[in-house]
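Asks:
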Amino acid sequence: MNVKLRMSVGLGSLAALTAALVAALTVSAPASAYILSNGCDEYDPARAAYYQCVPDRTTFYTPDGVNPNSVPEGTGYPGETRQIAFLDDGGGSVNISDNVMIPPPAPYRAGRDYCSNPWYAYSAYEGIWQYSCYLHDVCYGSQKGRKYCDVRFWHDTIADCKSHHALYDPRRYDCFSDATAWYWAIRIAGAGHYVPRQSNLEPAGT
Amino acid sequence: MKGVAVVVLGVAAAIVGWWLAFALWGVGYCGSLTPDSPPPGSLRSELCRGAGGDVMGGVAVAAGLLAAAAPFIGVYWARRRGRLWPLVVCVVVGVLPLAVIAILAATLPQG
Numbered sequence: 001m002n003v004k005l006r007m008s009v010g011l012g013s014l015a016a017l018t019a020a021l022v023a024a025l026t027v028s029a030p031a032s033a034y035i036l037s038n039g040c041d042e043y044d045p046a047r048a049a050y051y052q053c054v055p056d057r058t059t060f061y062t063p064d065g066v067n068p069n070s071v072p073e074g075t076g077y078p079g080e081t082r083q084i085a086f087l088d089d090g091g092g093s094v095n096i097s098d099n100v101m102i103p104p105p106a107p108y109r110a111g112r113d114y115c116s117n118p119w120y121a122y123s124a125y126e127g128i129w130q131y132s133c134y135l136h137d138v139c140y141g142s143q144k145g146r147k148y149c150d151v152r153f154w155h156d157t158i159a160d161c162k163s164h165h166a167l168y169d170p171r172r173y174d175c176f177s178d179a180t181a182w183y184w185a186i187r188i189a190g191a192g193h194y195v196p197r198q199s200n201l202e203p204a205g206t
Numbered sequence: 001m002k003g004v005a006v007v008v009l010g011v012a013a014a015i016v017g018w019w020l021a022f023a024l025w026g027v028g029y030c031g032s033l034t035p036d037s038p039p040p041g042s043l044r045s046e047l048c049r050g051a052g053g054d055v056m057g058g059v060a061v062a063a064g065l066l067a068a069a070a071p072f073i074g075v076y077w078a079r080r081r082g083r084l085w086p087l088v089v090c091v092v093v094g095v096l097p098l099a100v101i102a103i104l105a106a107t108l109p110q111g
């Protein structure tokens with residue numbers, strides 16, 4: 001009887017241990033399951049942030065729920081002007097009815113800082129975002145539509161994060177998080193700087 | 001439980017405060033993340049670049065943090081006094097510097 005009792009206690013402990021282990025694994029599963037079941041959406045357990053893929057699976061919806069691929073150039077949102085870029089700047093075309101002639105952009109120069117973020121908004125990822133920042137500067141200067149430029153910036157920075165940091169690399173999600181903060185900042189406060197390029201020396205970077 | 005809620009609110013407020021300072025001052029006035037850079041020698045250049053820019057950036061961040069901390073100080077003071085007005089005063093005074101930063105960002109000349 002005593003042996004039976006010991007055995008049952010032993011088996012009970014083993015069962016409890018197994019149950020605890022299964023529970024622990026079940027609980028920790030979402031923490032490591034960065035890629036969700038559709039193979040495209042991603043989840044950052046550290047920040048409880050969810051990044052939802054757009055239908056064509058090329059990027060994520062922006063933090064304010066916009067599909068970057070659905071925003072055409074020069075969308076004419078309030079506070080935006082619609083002007084066509086002068087000369088070939090990667091999408092613009094000459095339109096003689098425009099009353100503003102925008103000079104072509106300066107070429108990208110590696111080693112220059114095109115993000116110009118302040119020290120209190122430092123990001124460890126700005127190095128990999130320089131070209132995206134340059135494209136955003138060009139887009140603003142070419143007046144392609146502020147919302148269009150901003151969602152392209154989101155698209156580009158996220159693509160940079162993905163290409164430089166593999167799945168399950170925690171830096172990938174730090175990068176997404178910083179991209180989110182920068183996106184919100186330019187959406188909220190970038191309007192005053194949405195102005196046409198004044199010369200073909202812009203964007204100059206620093 | 002109340003303490004945890006207050007701490008969570010405070011951290012959230014600090015993040016929002018920093019973030020507003022970044023958006024309002026850093027991007028809104030100084031043109032960070034945009035192609036717009038202050039002309040050399042202008043007031044905006046003085047306030048946004050170099051040592052002057054560092055100082056103003058620090059002030060903007062401090063304003064955000066103060067706005068986040070003010071409700072805590074207000075709750076503490078209100079409990080000691082047994083009145084509500086210290087909380088109201090602290091919140092108003094705490095938000096004031098951030099509001100001033102926002103007004104400056106909107107009204108200072110861009111040139």
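So the sequence lines, in the order shown, correspond to chains A and B.
1 is the number of the first residue of the first sequence in the numbering used here; add one for each residue after it.
1 is the number of the first residue of the second sequence in the numbering used here; add one for each residue after it.
Glycine is no exception: its CB is placed at the ideal position from the N, C-alpha and C atoms.
#1: Check whether the Cβ of residue 35(B) lies closer than 7 Å to any Cβ atom in chain A.
#2: Just to confirm before moving on: does the CB-CB distance between residue 53(A) and residue 41(A) stay below 7 Å?
#3: I'd like to know whether the C-beta atoms of residue 209(A) and residue 137(A) end up nearer to each other than 7 Å.
#4: Chain B beta carbons: is any one of them nearer than 7 Å to that of residue 188(A)?
#5: Using only the alpha-carbon positions, how far apart do residue 22(B) and residue 61(B) sit?
#6: So what does residue 191(A) bridge to, in DSSP terms?
#7: Does the structure place the stretch 56 to 71 of chain A close enough to the stretch 103 to 110 of chain A that three or more beta carbon pairs sit under 8 Å?
#8: Report yes or no: is there a C-beta of chain E within less than 7 Å of the C-beta of residue 73(A)?
#9: May I ask whether a heavy atom of the ligand PLP can be found less than 6 Å away from the beta carbon of residue 104(A)?
#10: Using 10 angstroms around the beta-carbon of residue 119(A), count the other beta-carbons present and answer buried if the total reaches 16, otherwise exposed.
#11: For a contact defined as C-beta to C-beta under 7 Å, what are the partners of residue 24(B) on chain A?
#12: Closer than 8 Å is the cut-off here; do at least three beta carbon pairs connect the stretch 48 to 65 of chain B with the stretch 76 to 83 of chain B?
#13: Take the Cβ of residue 158(A) as the centre, count every other Cβ of all protein chains shown within 10 Å, and call the residue buried at 16 or more, exposed below.
#14: What are the boundary residues of the beta strand (DSSP E) that residue 51(A) is part of?
#15: In terms of alpha-carbon separation, which member of 86(B), 39(B), 66(B) lies closest to residue 98(B)?
Replies: Result, derived from the coordinates:
#1: So, interface residue.
#2: Yes. Within cutoff.
#3: This structure does not reach residue 209(A), given that chain A is present from 1 up to 206, and the question cannot be answered.
#4: At least one C-beta of chain B is nearer than 7 Å to the C-beta of residue 188(A).
#5: The alpha-carbon atoms of residue 22(B) and residue 61(B) are separated by roughly 8 Å.
#6: Residue 191(A) is not bridged by DSSP to any residue.
#7: At 8 Å Cβ cutoff, the stretches do not touch.
#8: Among the protein chains in the structure shown, which are A and B, there is no chain E.
#9: Absence of the ligand PLP from the depicted structure is noted, as is the absence of any ligand whatsoever, leaving it without description.
#10: Answer is exposed; the Cβ neighbour count stays below 16.
#11: In chain order: 189.
#12: Output reads no: the stretch 76 to 83 of chain B does not touch the stretch 48 to 65 of chain B.
#13: The Cβ neighbour count for residue 158(A), taken over all protein chains shown within 10 Å, is at least 16; the residue is labelled buried.
#14: That run of the beta strand (DSSP E) goes 49 to 51.
#15: Taking only the C-alpha atoms, the option nearest residue 98(B) is 66(B).
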